[in-house]
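Chains as they are written, first to last, in this note's numbering: chain A, 22 to 409; chain B, 770 to 1031.
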Amino acid sequence: MSKINKENRPITSEKFMNEFHRYQKGSITRRHFLEVTGLGAAMTVLGTAMPSLLPRKAHAFGNLGNRLVFATWPNYHNQVNLDEFTKMTGVHLQMNAFGSNEEMLAKLQAGGTGWDVFVPTNYTITNYVNLGLIQPLDLSRLPNYDGSANDPMFAKPATVNGTVYCVPKNWGTTGFIVNTKKIKNSPKSWKDFFDVTMGAGSGHTIVHDYQLTTIGAALCALGYSFNSIDPNELAEAEALLIKSKPHLFAITSDYQPGMRSGDAWLSICWNGDATQLKNDLPEMDYVIATDGGEIWTDFYAIPKDAPHLDAAYAFINYLQDPYIQAREASVHGYAPTDSRAIALQPDSLGSDPILHPAAELLNGLEFGAAQTMTDPVRAEVIARFKSA
Amino acid sequence: MLILPLIVILIFSFGERAAVGGYAASFTFEQYANLPARLKAFQNTMIFAPIGTLLSLFMAYPLAYYLALRVDRRYKFILLVLVIVPFWTSLLIRTYAWIFILGGRGIPLMLEWIGIEGVRLVNTPGAVMIGIVYGYLPLMVFPIFVSLEKIDKNLLEASNDLGGTPFKTFMQITLPLSMLGVATGCMLVFILLMGEFLIPAFLGGGKVFFIGNALVDLFLQSRNWPFGSAVSVTLVVIMLITVSLYMRLTMRTKTGRDESLM
Chain A
22 MSKINKENRP ITSEKFMNEF HRYQKGSITR RHFLEVTGLG AAMTVLGTAM PSLLPRKAHA
82 FGNLGNRLVF ATWPNYHNQV NLDEFTKMTG VHLQMNAFGS NEEMLAKLQA GGTGWDVFVP
142 TNYTITNYVN LGLIQPLDLS RLPNYDGSAN DPMFAKPATV NGTVYCVPKN WGTTGFIVNT
202 KKIKNSPKSW KDFFDVTMGA GSGHTIVHDY QLTTIGAALC ALGYSFNSID PNELAEAEAL
262 LIKSKPHLFA ITSDYQPGMR SGDAWLSICW NGDATQLKND LPEMDYVIAT DGGEIWTDFY
322 AIPKDAPHLD AAYAFINYLQ DPYIQAREAS VHGYAPTDSR AIALQPDSLG SDPILHPAAE
382 LLNGLEFGAA QTMTDPVRAE VIARFKSA
Chain B
770 MLILPLIVIL IFSFGERAAV GGYAASFTFE QYANLPARLK AFQNTMIFAP IGTLLSLFMA
830 YPLAYYLALR VDRRYKFILL VLVIVPFWTS LLIRTYAWIF ILGGRGIPLM LEWIGIEGVR
890 LVNTPGAVMI GIVYGYLPLM VFPIFVSLEK IDKNLLEASN DLGGTPFKTF MQITLPLSML
950 GVATGCMLVF ILLMGEFLIP AFLGGGKVFF IGNALVDLFL QSRNWPFGSA VSVTLVVIML
1010 ITVSLYMRLT MRTKTGRDES LM
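The following block contains the structure:
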C-alpha cells in the first residue's frame, strides 16, 4: 500500500494506536476516542443494520432469572446466537432436542416438562390449543416480531380462532437426500425411493423415526395423500414399509451421521439438513419428490405452565430479530419465513434451490393435517412397523 | 412407595387410549388381546437377554479371576479402577461412540484396507450384542471378583498340596465358591437387559427392537398409555417367572452342595 493511500484513510494505524493509548490513560474521553477513530460512526451504521449489535445492558431486560428450558429439533440453531443471548441476559439455556412432534406432545401431555419455549410444527398447533397445552402470546412483548413480514401461507397456523399462539421460525420441505456417488439412476419420486431401497440400494436407506414423514412417504409412493388417515390406505402403507424394512439401514430421525459415514445412501430428509450435508459433501443431492411430500412451518410457542415466562418472551423476541434470524439460517440452512430476514441473507442463499425451491415444485406438497398427529391408526402403524 | 407405580400401571393396562392419546378410564382386556402385535419385540428381548448375559459371563469370569487371584497386589487397585472408569461417563455417550467405531468410517474401513469389502456392522444384531457385552461387563465383573476375592487362599494351596491339578482345583474349589457371585452378576445383568432400550436403539438403528423400545414408542410417540401399561405388566410377569425359576434353581444346587459337604 502506498504512503499516499495510507494517509487518505480516515485514520492511520499509528494514529489509531496513539489515540487508543490516550483513551486508555484517560486523557481523552470515550466519546472523543470513538469520534476521532471513526469507530462510533461504524457502530451506528452497523447498529442500524443489525440492532442486536448495539450494546445493551443486562438490566435493560429486567430480571429474567437465570434459566430457560427450551425444547427444539436437532441441528436447528446457531450456537453463536444462543451464547449471545445468555451473555446479554444472564439466562442460561437448557436445550432438549426432539425427533418428532409426537414425542413433544407426549411429554407435554404427561405434564411437568418445565419447558419455557418449544418449537412445534404447523399441524400440531390446533391440537395443543384444544388440549390447553399452550398459551396465547402477548405480541406487545415481542416487538421484534412483524406479522406483516411473514407470508400468510406459512404464518396462518399460528392463529387459532383469532388468537395468536405462536410466531413462525422457519419453513421447509420434506424430501429425500441421495448420495449420487452410490446411487446412479437418480430417484425422483417416493415410488422410486422405495424401489431403490428394495433394489440397487438395499441396506442403505434411512427412514425417519417419525410417523408423519415415514408413513407419509409410503402413502405418497402408493399414490395417496401424505396426510391420509383412511385405514385401508394406511394398511397398504404399513405393508410397503414392512416389506422394505429388511432393506433399510436404519429407522432414525438423526440421519446425518449415517449419511456422512457413507453407510446410508438414501434418506428421508428435511431441506435444511440437506444444505448442511451438501455443504460438506457435494455428492449429496436433495430431491423434492414428484409424487408429493410435506411442506411445513415451525413456530416458537410457550407451554401453558412455562416456569420462566419473562425469559421465554425475551428469548423469542431475540430470535425474531431479522439479523438474528439470518444468522440462525446461515448455520441450520432453513429458510426464514420473515421477509426482513431473507433480505439480510447473502444472495447465494436467497436463490438457493434447496432453501427456496421453484414454486411449481411446491405445488404437490401438503402441509401436515392436525388429525394425522392424533390419529390412533397412524400411531399404531409406525409402532408396529418399528417392532416388526 | 415401591408398589404405587406398579398399581398405577396395572390400572392403566385395563383402560383405553384417549382420542388424542393418553389414558381413558375403562375396563377392558383389549390391550392384553393386542399383545401379539409386539411378539417380535418380546422374542428379541427373550433371545438377546439370556445370550447377552451368558456372553458377558464368559467374558467377565476370566477377567475377574485374573483380577482377584492372579494379578500383582500393586496393580490390582489400578486395574479395578480401569474397569470402573467407563461408568464415569453416560452409557449414552459411550454407545454413541460405538456407532462411529462400527460405522462405515470405522472398523469396516479398516477391513477394506486389507481387502475385505462390504462388511456392515452397525445396525445389526451383532452390533447390539457387542454393545450389550461392552455396557454390562463391569456389572458382571464386580460380583464375581468379590466372591473370588473372598476365597480362602489356603483352600487352593491345600488342593495343590494334595495333588489336585489346577483344572481340578478350579472345578472343585474356585468355581463352586464363586457361584454366588456368578449368580448375582447374571441376575443383575439379565434383569437390566430385559428392560434395555438404549443399546438396541443406537446400535440396532431401530431395526433390532426390544420390549424396552416398544415401551418408549408407546409412551413417547403413539401415546398409547394403556397398551404400554399392558406390555409393561406382561414384562414384569415374565421377569417374575424367570427370576423365581432361576432363584429356585440356584438355591437347589446350593443346598444340594451343602448337604454333600456334610
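Beta carbons: idealized from backbone N, C-alpha and C, even for Gly.
Practice task
Using a cut-off of 7 Å between C-beta atoms, extract the partners of A:Glu124 located in chain B.
Solution key: Locating residue 124 of chain A in the first sequence gives position 103, where the first residue counts as 1. By Cβ distance, chain B contributes Leu989 and Gln990.
Practice task
Could you tell me which residues DSSP pairs with A:Gly193 in its beta bridges?
Solution key: Locating residue 193 of chain A in the first sequence gives position 172, where the first residue counts as 1. According to the DSSP secondary-structure assignment, A:Gly193 is paired through a beta bridge with A:Trp317.
Practice task
Tell me whether B:Gly821 sits in a helix, a strand or coil according to DSSP, three-state version.
Solution key: Here residue 821 of chain B is taken as the residue at index 52 of the second sequence, counted from 1. DSSP places B:Gly821 in helix when its eight states are reduced to three.
Exercise for the section: Using alpha carbons as the reference points, say which of A:Met109, A:Leu103 and A:Val185 lies closest to A:Thr93. Expected result: The count along the first sequence starts at 1 and reaches residue 93 of chain A at position 72. Ranking the options by Cα distance to A:Thr93, first place goes to A:Leu103.
Exercise for the section: Compare the C-beta of B:Ile868 against all C-beta atoms of chain A and say whether one is closer than 9 Å. Expected result: On the second sequence, position 99 is the one that residue 868 of chain B refers to. Answer yes: the Cβ-Cβ gap between B:Ile868 and chain A drops below 9 Å somewhere.
Exercise for the section: Give the interface partners of B:Phe978 over in chain A, defined as CB-CB distance under 7 Å, in chain order. Expected result: Position 209 of the second sequence holds residue 978 of chain B. Ordered by position in chain A, the residues that pass the 7 Å Cβ test against B:Phe978 are Lys407 and Ser408.
Practice task
Per DSSP, which residues does B:Ala793 bridge with? Please list them.
Solution key: On the second sequence, residue 793 of chain B is found 24 positions in, with the first residue counted as 1. In the DSSP output, where bridge partners are listed per residue, B:Ala793 has B:Glu785.
Exercise for the section: Taking the CB atoms as reference points, tell me whether A:Leu255 and A:Arg399 lie closer together than 9 Å. Expected result: Taking the first residue of the first sequence as position 1, residue 255 of chain A is located at position 234. Taking the first residue of the first sequence as position 1, residue 399 of chain A is located at position 378. Taking 9 Å as the Cβ cut-off, A:Leu255 and A:Arg399 qualify as a contacting pair.
Exercise for the section: Answer with yes or no whether the minimum CB distance from B:Arg863 to chain A is below 9 Å. Expected result: For this step, residue 863 of chain B is matched to residue 94 along the second sequence. No, B:Arg863 lies away from the interface with chain A (no Cβ there is under 9 Å from its Cβ).
Problem - A:Gly314 beta carbon less than 9 Å from that of A:Phe247 - result: As a working note, residue 247 of chain A is residue 226 in the first sequence. As a working note, residue 314 of chain A is residue 293 in the first sequence. Going by C-beta atoms, A:Phe247 is nearer than 9 Å to A:Gly314.
Handout entry: Neighbourhood of B:Tyr865 by C-beta, 7 Å cutoff - its chain only, sequence neighbours within 5 removed
Key = Along the second sequence, read from residue 1 onward, the residue named residue 865 of chain B stands at position 96. Closer than 7 Å at the Cβ level, and outside the excluded window around B:Tyr865, lie Phe971.
Handout entry: CB-CB length for A:Leu440 against A:Tyr355, believed under 8 Å
Key = Because chain A spans 22 through 409 in this model, residue 440 of chain A falls outside it and cannot be assessed.
Problem - Span separating the alpha-carbon of A:Gly385 from that of A:Trp291 - result: As a position in the first sequence, residue 385 of chain A is number 364, starting the count at 1. As a position in the first sequence, residue 291 of chain A is number 270, starting the count at 1. Near 16 Å, if we compare the C-alpha coordinates of A:Trp291 and A:Gly385.
Handout entry: Proximity test, Cβ basis, 9 Å: B:Asp986 and chain A
Key = Residue numbering aside, residue 986 of chain B sits at position 217 when the second sequence is read from its first letter. Yes, because at least one Cβ of chain A sits closer than 9 Å to the Cβ of B:Asp986.
Handout entry: Three-state class that DSSP yields for A:Pro401 in the structure shown
Key = Here residue 401 of chain A is taken as the residue at index 380 of the first sequence, counted from 1. Going by the sequence as given, residue 401 of chain A is Glu instead of Pro. If DSSP states are grouped into helix, strand and coil, A:Glu401 belongs with the helices.
Practice task
With DSSP as the reference, please indicate the residues paired to A:Asn117 in a beta bridge.
Solution key: Position 96 of the first sequence, counted from the start, is the residue given in the question as residue 117 of chain A. Note: A:Asn117 sits in a beta bridge opposite A:Ala92.
Exercise for the section: Pull out every residue of the stretch 260–288 of chain A whose Cβ sits closer than 9 Å to any Cβ of chain D, in chain order. Expected result: Among the protein chains in the structure shown, which are A and B, there is no chain D.
Practice task
Compile a chain-ordered list of the residues in the stretch 888–900 of chain B whose CB is closer than 8 Å to at least one CB of chain A.
Solution key: Arg889, Val891 and Asn892
Handout entry: Residue interval of the alpha helix (DSSP H) (run including B:Tyr844)
Key = Numbered from its first residue, the second sequence carries residue 844 of chain B at position 75. Segment Arg842 to Ile853, the alpha helix (DSSP H) holding B:Tyr844.
Problem - Per-residue DSSP class, three states only, for A:Gln392 - result: Numbered from its first residue, the first sequence carries residue 392 of chain A at position 371. Three-state result, A:Gln392: helix.
Exercise for the section: Taking only the alpha-carbon atoms, compute the straight-line gap between A:Met83 and A:Asn338 and give it to the nearest angstrom. Expected result: As a first step, residue 83 of chain A is located in the first sequence; it is residue number 62 there, counting from the start. As a first step, residue 338 of chain A is located in the first sequence; it is residue number 317 there, counting from the start. With the sequence shown as reference, residue 83 of chain A is identified as Gly, and Met is not the correct amino acid for it. One C-alpha to the other measures close to 14 Å.
Exercise for the section: Let me know the secondary structure DSSP gives A:Trp136 once reduced to three states. Expected result: By 1-based counting over the first sequence, the position of residue 136 of chain A is 115. A:Trp136 falls in the coil class under three-state DSSP.
Practice task
With DSSP as the reference, label A:Met219 as helix, strand or coil.
Solution key: If you number the first sequence from 1, residue 219 of chain A lands on position 198. Coil, per DSSP.
Problem - Proximity test, Cβ basis, 9 Å: A:Pro397 and chain B - result: Within the first sequence, residue 397 of chain A is the residue found at index 376, counting from 1. A:Pro397 counts as touching chain B.
Practice task
Determine whether the Cβ of A:Asp230 lies closer than 9 Å to any Cβ atom of chain B.
Solution key: Here residue 230 of chain A is taken as the residue at index 209 of the first sequence, counted from 1. Yes, its Cβ sits closer than 9 Å to a Cβ of chain B.
Problem - Straight-line Cα distance separating B:Leu917 from B:Ser947 - result: Numbered from its first residue, the second sequence carries residue 947 of chain B at position 178. Numbered from its first residue, the second sequence carries residue 917 of chain B at position 148. Their Cα atoms are separated by approximately 5 Å.
Problem - Closest Cα partner of A:Pro173 within the set A:Ala285, A:Ser360 and A:Arg88 - result: Indexing the first sequence from 1 puts residue 173 of chain A at position 152. Comparing Cα-Cα distances from A:Pro173 to each of A:Ala285, A:Ser360 and A:Arg88, the minimum goes to A:Ser360.
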